[in-house]
């Protein structure tokens, strides 16, 4: 894995990093802070994050919700305001349909913003990782797999 990456994080991954601070994902959190990492998003994905942060079962204080949302949005290239492809007159390349229509936006963001990776634990998105319309453009992998690949990339060269 190259040090430069353009990442789309689905909502559950953002929650794992920014709210729950999953210690197993600390290398991914550090990578998101590095100069070689560009985080990509869009207004509808930020709106989904806002809604999820407000779920009663998480009991996140309103001030913490706002802080997480603002911190994450500030890290997004363009602040997450991007509408889609740069050339509005050209039809965007085709994508497979995700079984969960709410997750289609993450595929679109990855395609439209030239992502290198879509990082998710969502089974519906992970099923599309090998689809020809996806694998030619970006990789879909779990946060844990991304962390493992980061470790491999940072490991000293073991060749003789």
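In full-length UniProt numbering, the protein residues as written are 1 to 160.
Beta carbons: idealized from backbone N, C-alpha and C, even for Gly.
Determine the closest residue to residue i out of the options, with distance taken between C-alpha atoms.
{"i": "residue 19", "options": "153, 100 and 61", "result": "61"}
{"i": "residue 104", "options": "90, 127 and 116", "result": "127"}
{"i": "residue 114", "options": "77, 146 and 144", "result": "77"}
{"i": "residue 135", "options": "96, 51 and 122", "result": "96"}
Are the CB atoms of residue j and residue i within a distance shorter than 8 Å?
{"i": "residue 10", "j": "residue 106", "result": "yes"}
{"i": "residue 65", "j": "residue 54", "result": "yes"}
{"i": "residue 27", "j": "residue 155", "result": "no"}
{"i": "residue 144", "j": "residue 24", "result": "yes"}
{"i": "residue 4", "j": "residue 41", "result": "no"}
{"i": "residue 137", "j": "residue 99", "result": "no"}
{"i": "residue 162", "j": "residue 80", "result": "Because the chain here runs from 1 to 160, residue 162 falls outside it and cannot be looked at."}
{"i": "residue 52", "j": "residue 15", "result": "yes"}
Given this structure, state the Cα-to-Cα distance separating residue i from residue j, to the nearest angstrom.
{"i": "residue 13", "j": "residue 119", "result": "7 Å"}
{"i": "residue 69", "j": "residue 8", "result": "15 Å"}
{"i": "residue 140", "j": "residue 67", "result": "28 Å"}
{"i": "residue 49", "j": "residue 133", "result": "26 Å"}
{"i": "residue 102", "j": "residue 94", "result": "17 Å"}
{"i": "residue 158", "j": "residue 17", "result": "Because residue 158 sits at a pLDDT of 47, beneath the cut-off of 50, its placement in the model cannot be relied upon, and the following sentence gives the value as read from the coordinates. Taking the straight line joining both Cα atoms gives about 31 Å."}
{"i": "residue 59", "j": "residue 71", "result": "19 Å"}
{"i": "residue 6", "j": "residue 57", "result": "31 Å"}
{"i": "residue 85", "j": "residue 147", "result": "Reliability fails at residue 85, whose pLDDT of 43 lies under 50, so the model's placement of it is uncertain and no value is given."}
{"i": "residue 92", "j": "residue 117", "result": "18 Å"}
{"i": "residue 122", "j": "residue 32", "result": "20 Å"}
{"i": "residue 153", "j": "residue 47", "result": "34 Å"}
Helix, strand or coil for residue i, going by three-state DSSP, please let me know.
{"i": "residue 60", "result": "coil"}
{"i": "residue 132", "result": "helix"}
{"i": "residue 95", "result": "coil"}
{"i": "residue 51", "result": "helix"}
{"i": "residue 6", "result": "strand"}
Go to residue i, then tell me how far its beta strand (DSSP E) extends in each direction, as first and last residue.
{"i": "residue 139", "result": "139–141"}
{"i": "residue 39", "result": "37–40"}
{"i": "residue 28", "result": "From DSSP, residue 28 is part of no beta strand (DSSP E) but of the alpha helix (DSSP H) over 26–33."}
Please determine whether the Cβ atom of residue i lies at a distance below 7 Å from any heavy atom of the ligand GTP.
{"i": "residue 62", "result": "The ligand GTP is not part of this structure, which contains no ligands at all."}
In terms of residues, what are the limits of the alpha helix (DSSP H) holding residue i?
{"i": "residue 19", "result": "Counting along the chain, residue 19 falls outside any alpha helix (DSSP H), and DSSP gives it neither H nor E."}
{"i": "residue 125", "result": "123–126"}
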